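Undergrad:
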Amino acid sequence: MTTPKSTPTGQSQGKNLESMRKFAEKYASRTDTYFCSNLAVTAAVIKGLAQHKEELGSPLCPCRHYEDKAAEVKKAYWNCPCVPMREEKKCHCMLFLTPDNAFAGDTQEITTEQINELCQQM
Ligand code: SF4
Numbered sequence: 059m060t061t062p063k064s065t066p067t068g069q070s071q072g073k074n075l076e077s078m079r080k081f082a083e084k085y086a087s088r089t090d091t092y093f094c095s096n097l098a099v100t101a102a103v104i105k106g107l108a109q110h111k112e113e114l115g116s117p118l119c120p121c122r123h124y125e126d127k128a129a130e131v132k133k134a135y136w137n138c139p140c141v142p143m144r145e146e147k148k149c150h151c152m153l154f155l156t157p158d159n160a161f162a163g164d165t166q167e168i169t170t171e172q173i174n175e176l177c178q179q180m
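Residues in the sequence shown are numbered from 59 upward in steps of one, following our numbering.
1. Smallest Cα separation from S95: which of D158, E171, Q179?
2. From Q71 to V103, what distance separates their C-alpha atoms?
3. Residues in the same chain with beta-carbon distance under 8 Å from P117, minus the five sequence neighbours each way, listed in chain order, please.
4. Unbroken alpha helix (DSSP H) runs of length 4 or more, entirely within the region 83 to 123: which are they?
5. Buried or exposed: F161, going by 16 or more other Cβ atoms within 10 Å of its Cβ?
6. Whole angstroms are fine: how far does the CA of L114 sit from the CA of K84?
7. Using 10 angstroms around the beta-carbon of A130, count the other beta-carbons present and answer buried if the total reaches 16, otherwise exposed.
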């Protein structure tokens with residue numbers, strides 16, 4: 059019996075989640091942005107990015123609808139950090155918020171346990 063190549067393993071899912079979690083922490087620190095005061099938002103976005111990395115090989119923004127995800131990945135505009143974030147610090151997913159944003163919290167850190175726990179509650 060063979061396993062289809064596209065079936066994600068728990069191990070690689072965990073690896074992608076960890077890499078996106080670390081990316082989010084580092085990028086927030088580098089850009090002086092903060093996670094949302096409701097960390098469930100942060101958790102859901104990081105999980106969505108990790109899922110896209112698993113499925114598509116790139117962390118395509120999880121907060122948008124795409125007709126063709128593979129084509130969007132090639133265009134790279136919405137690969138996280140997307141062009142609006144890189145150029146204007148605009149993250150419509152509310153993963154990276156500038157300190158003046160009313161929804162900005164005071165942390166640039168989130169643990170894997172928090173992500174899993176918060177996503178389970180949804
Ligand atoms: S809006 Fe841009 S920076 Fe924010 S999660 Fe989506 S791709 Fe990343």
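C-beta: ideal position from N, C-alpha, C; glycine also. These numbers come from a predicted model, not from an experiment.
TA: Let's see:
1. D158
2. 15 Å
3. M78, F81, L107, A108, H110, K111, N137, C138
4. 97 to 114
5. exposed
6. 22 Å
7. According to the sequence provided, residue 130 is Glu. The question's Ala does not apply to it. With 16 or more Cβ atoms within 10 Å of its Cβ, E130 is classed as buried.
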